[in-house]
Each structure stands twice: as C-alpha cells, then as structure tokens.
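Throughout, this note's numbering is defined as the position within the sequence shown, counted from one, plus 105.
Glycine is no exception: its CB is placed at the ideal position from the N, C-alpha and C atoms.
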Amino acid sequence: MVDEVLPKSFDDLIKDVHELGICGECGGCVSFCSAHEIKAIEMSESGPPRYYNKDNCLKCGICYLICPQTHVLDKELNERYDYKVSIGNWLKITSNQANSEEILKNATDGGAVTAILSYLLDRNLINGAIVSKKEGPFNRVPFFATTKEELIEAAGSHFDLSQGVVGLENYNTFIPTIAKLKKVVSSDMMSIAVVGTPCQIMSIRKMQELSILPAHIIKYTLGLFCNLNFSFSTEGRKELEEKFNFSFSEVEKMNIKEELILTLQNQKSIQIDFNELGGITRAACYACRDFSNVYADISFGGLGSQDGFTTTVIRTKIGEEIYNNALKEGYIKEPNEFNTSVKKSEMLAKVIGFGKRKYERYAKALKKRQ
Ligand SMILES: Cc1cc2nc3c(=O)[nH]c(=O)nc-3n(C[C@H](O)[C@H](O)[C@H](O)COP(=O)(O)OP(=O)(O)OC[C@H]3O[C@@H](n4cnc5c(N)ncnc54)[C@H](O)[C@@H]3O)c2cc1C
Ligand code: SF4
Ligand code: SF4
Ligand code: SF4
C-alpha cells in the first residue's frame, strides 16, 4: 500500500514560517483559510497568526500554499511568468512620469502607478483598485479606491507631522493589502487592479494558480520594487536619529530607492544605506528574494530614474497593452532624455544588480537558519 501524502497544513506553516521568525504578518493565511466561516485560525495580538480552534482546521493546506514565505509553487509560477534570474520576464524598461500636475504633486516618484490606475478607471477597465491610504500622520491602511480622487489621495509617501511623532512606533511600511481582497468583492463580475509589494503579488499569483476565489477578479497587478520594509520601534528610531543627527519630527517625506531617503521640512535630504537599517527592518524581509516584483504585470520603482520619475518594467502582454494605451492616451509621458539606450541599459543593470544582491541576502539568511 502506498502511504497517502497529506498536504502541508497550518502546523507546517507554524514550523516552516513562524518558528523561523519569517512570518510577514500579511494576514493572507487567515483571510483565505478554507475554514474561515467557522474560524480555525486568527491573527494574534503580537503579530503572526495562531490557531483559534484547531478542531476546525480542515488540513487542506491552502494557508501553506498561498503564504509568500513558502516556495511550494515556485516552479509553476516561474514557468507561467517566464522567470529569468533576478529580473524576471521583461518586455520593456523605461522611465516615465504622470502627465498630471495633481498626480505629480502627490506621487512618491513619477506618479506612473496612479496615472495608469486612473487610465484603467476612466476606461472602465476596472471597478477599482486595492491601494493603501494614509490614515493619521503616519499610518497607512489597505483601501479600495473607486474614484480618481481616491487614487490621488492614496499616492505618495508624505507624512503629516502637524501632530508630532506620536504613533510613529506603530508605523510599518508594510501594509496588509491581501487581507482586504475578500472584503471588496460585491459581484463575481468585478474587475480590479491591485498595487502591492513582491510578497503580496506572489500571494495573488499563487491564489490565481490555485483558482482560489476571489483571485479571478484581479485583472491587473501593479507591483512595487521592494528591498526591505520597516517597523519604526522607539529604539530603532532613536538609534537612527542619533547616528544621522536628525529628528523624525522634522521628516516630511520618506522614499525608498537605492537607500532610504528622508526629506526634512527644511528640504534637506538624509540618505541612509540599507545596511544601517537593521534596527527597524522587519525580520520577514531578510527571507525574501524578489526585489523587482517578478510576477507583476508591470513593476515600478524609483531606482535608476531621475528624481520625479518612475522606473517601469513591463512584463506581461496585459501589462504591455495597458501601458501602451495609457501612454498613447497621454496619461503618462516618457521624456526622451531619460530614455536613451544608454540610460535604459544603466536602469536595467541597477534593477538586475539589486535583484542579485537581494537573492544573495536571502541565500545567506537561509544558510544561517539551517
Ligand atoms: C514599502 C515599499 C518599499 C519600496 N522599496 C523600493 C526600493 O527598495 N527601491 C525602489 O526603487 N522602489 C521602492 N519602492 C517603490 C517606490 O517607492 C514607488 O512606490 C514606486 O516608484 C512608484 O512610484 P509612483 O510615483 O509611480 O507611485 P504613486 O503614483 O505614488 O503610487 C504608489 C502606489 O503605491 C501604493 N502604496 C504605497 N505604499 C504601499 C505599501 N506599503 N503597500 C502597497 N501599496 C502601497 C499607494 O497607495 C499608491 O497606489 C517601494 C515602495 C514601497 C511602498
Ligand atoms: S483549514 Fe486549511 S487553510 Fe485553514 S488553517 Fe487549516 S489547513 Fe490552513
Ligand atoms: S506571511 Fe502571511 S500568509 Fe504567511 S504565515 Fe505569515 S500571515 Fe500567514
Ligand atoms: S522585502 Fe519582501 S517580504 Fe519584505 S515587504 Fe518587501 S516583498 Fe515583502
């Protein structure tokens, strides 16, 4: 008799992810648990998920499969998205900018993400987009934007420090947007776009691969580059303030490109190398190997572009079609001076270089844990 091989379940997720300290607390396993209605697992107050009632667990393995920190579906995703080492599949790389002053004023870099989402909304190609919205001076929350005004409100990475730094210790640059997905569905016929970090887009692609509802309503995935994410504990923050001689109460904008860039209210800019950010880096991020969001339809970052422009990697046919239409219809522009073949090859080399370094960091962290 052949032994039956049971799918990995939440017990395995505890062993392979939580116990290694690499749970990203994205909430995906809890939101998409097959026993969600009768509640088998929940997010704990301290962060990672835990059993709510072990007897309710169906041992179906969905939580294990969709967790971005497990690599069970790597082969399938790499084949489907034509993965190439460290950069993924790419059809075009370019530097661009939104063709709207209002978007540019609010944007993190060139506002390309918000401009393309605006195009999708205007052309009724989506009912809305899952983005992340500012709430209070620092906090961001997952948000389903259904109007252009809401998209613009969600753009950018500015802080409102009029109330001081109270609450900064609860600020985390990682926003659990996947958990929002189930809550936005009002009809099976909806079409939505999702903006997310590589780990979030990976979870979405795993759900689509497994036909887990409601992943079918996600028609467009706009991925952000991501080297690390941060959690601003009081100690970690103090360490940085002392080392770099500034106060977080002066910070107006935070951006992540080749390093962490803090713009102060007096417009002075402080650049902090990723290696100096150990005190505020989320542990889960050291176990992550995707920098440029290899499974997205289009990926976006600041790395490799001039200030005020977005580096954009078009990866899939769907991505290519919406990008070209947004360009043709004037939602975005590609200034020639930043798009010469020399500039493009420099941009590409930077994205590949960061991808390689992130992979090496992951391999080193993995070795340490074994
Ligand atoms: C946490 C984080 C880490 C990043 N790391 C890097 C990096 O290492 N190198 C690099 O070159 N670029 C990085 N980026 C990408 C870069 O900061 C810009 O988001 C990107 O260049 C797009 O700029 P834009 O002006 O076109 O976007 P905008 O038009 O300003 O739109 C940005 C969109 O992203 C959404 N958003 C903001 N924060 C989050 C979040 N935490 N999770 C999900 N969605 C969010 C907003 O709601 C908005 O829809 C990172 C972004 C984030 C959020
Ligand atoms: S029911 Fe399935 S998805 Fe839910 S905890 Fe158990 S194994 Fe995971
Ligand atoms: S990373 Fe997300 S899906 Fe994986 S165990 Fe943690 S909360 Fe669950
Ligand atoms: S570094 Fe990886 S795990 Fe961390 S937020 Fe970015 S994509 Fe997610």
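### Message
Can you tell me whether residue 114 sits near ligand 2, meaning its C-beta is under 7 Å from at least one heavy atom of the ligand?
### Response
It does: the Cβ of residue 114 is within 7 Å (strictly closer) of some heavy atom of ligand 2.
### Query
Counting pairs of Cβ atoms below 8 Å between the stretch 400–407 and the stretch 212–222, do you hit three or more?
Yes, since at least three Cβ pairs between the stretch 400–407 and the stretch 212–222 fall closer than 8 Å, the two stretches touch.
### Query
Alpha carbon to alpha carbon, what distance is there between residue 168 and residue 137?
7 Å
### Task
Please name the residue in 119, 296, 333 and 283 whose C-alpha comes closest to that of residue 389.
333
### Query
Does the distance from the C-beta atom of residue 336 to that of residue 385 stay below 8 Å?
yes
#### Entry: Cβ pair count under 8 Å reaching 3, the stretch 294–310 against the stretch 370–387
no
### Message
Just to confirm, is the Cβ distance from residue 448 to residue 205 under 8 Å?
### Response
no
### Message
Could you compute how far the alpha carbon of residue 155 sits from the alpha carbon of residue 123?
### Response
9 Å
### Inter-residue spacing [alpha-carbon to alpha-carbon] between residue 426 and residue 314
22 Å
### Where residue 302 falls, given that 16 or more other Cβ within 10 Å makes a residue buried
buried
### Task
Return the CA-CA distance between residue 290 and residue 398, expressed in angstroms with no decimal places.
25 Å
### Cβ-based neighbour list, residue 246, same chain, cut-off 8 Å, excluding 5 preceding and 5 following
237, 238, 240 and 280
### Message
DSSP has residue 202 in a bridge; who is on the other side?
### Response
438
### Message
At a cut-off of 7 Å, would you count residue 130 as near ligand 3, judging by its Cβ distance to the nearest heavy atom?
### Response
Yes.
### Query
In whole angstroms, what separates the C-alpha of residue 413 from that of residue 143?
48 Å
### Message
Under 7 Å: does the beta carbon of residue 313 sit that close to some heavy atom of ligand 3?
### Response
no
### Query
DSSP three-state call for residue 245: helix, strand or coil?
strand
### Query
Should residue 270 be labelled buried (16 or more other beta-carbon atoms within 10 Å of its own) or exposed?
In this prediction, residue 270 has a pLDDT of 49, which is less than 50 and means its spatial position is unreliable; nothing more can be read from the coordinates.
### Message
By the three-class DSSP mapping on this structure, what secondary structure does residue 298 have?
### Response
Judged by DSSP in its simplified three-state form, residue 298 adopts strand.
### Query
Taking 7 Å as the line, does the beta carbon of residue 407 fall inside it for any heavy atom of ligand 1?
The answer is yes for residue 407.
### Bridge-paired residues (DSSP) for residue 153
Paired residues: none, contrary to the question.
### Message
Less than 7 Å separating the Cβ of residue 228 from some heavy atom of ligand 1?
### Response
no
### Query
From residue 162 to residue 429, what does the alpha carbon distance come to, in whole angstroms?
46 Å
### Chain-order list of residues whose beta-carbon lies under 8 Å from that of residue 208 (same chain, five-residue window excluded)
If we look at residue 208 and ignore the five residues flanking it on each side, its Cβ neighbours are 216, 219, 220, 223, 257 and 260.
### Query
Would DSSP call residue 147 helix, strand or coil?
strand
### Message
Along the chain, where does the beta strand (DSSP E) containing residue 364 start, and where does it finish?
### Response
Looking at the DSSP string, residue 364 is not in any beta strand (DSSP E), and its letter there is neither H nor E.
#### Entry: For residue 359 and residue 367, believed in contact at Cβ under 8 Å, the rounded distance
6 Å between Cβ atoms; contact.
### Task
May I ask you to report which of helix, strand or coil DSSP gives residue 330?
Three-state DSSP puts residue 330 in coil, outside helix and strand.
### Task
For residue 94, name the three-state secondary structure that DSSP assigns.
Given that the chain is displayed from residue 106 to residue 475, the structure contains no residue 94 and the question cannot be resolved.
### Query
What residues match up with residue 360 in a beta bridge as DSSP calls it?
366
#### Entry: Beta-bridge partners of residue 234, as assigned by DSSP
250 and 298
### Query
Would DSSP call residue 113 helix, strand or coil?
Note: residue 113 maps to coil in three-state DSSP.
### Task
Kindly indicate which residue of 126, 111 and 117 has the alpha-carbon position closest to the one of residue 470.
Per the Cα distances, 126.
### Task
Please list, in chain order, all residues of the same chain as residue 284 whose beta carbon is under 6 Å from its beta carbon, the five residues on each side excluded.
Same-chain partners within the cutoff: 132 and 136.
### Message
Does residue 219 come out as helix, strand or coil in the three-state DSSP assignment?
### Response
helix
#### Entry: Residue range of the unbroken alpha helix (DSSP H) whose run includes residue 308
303–314
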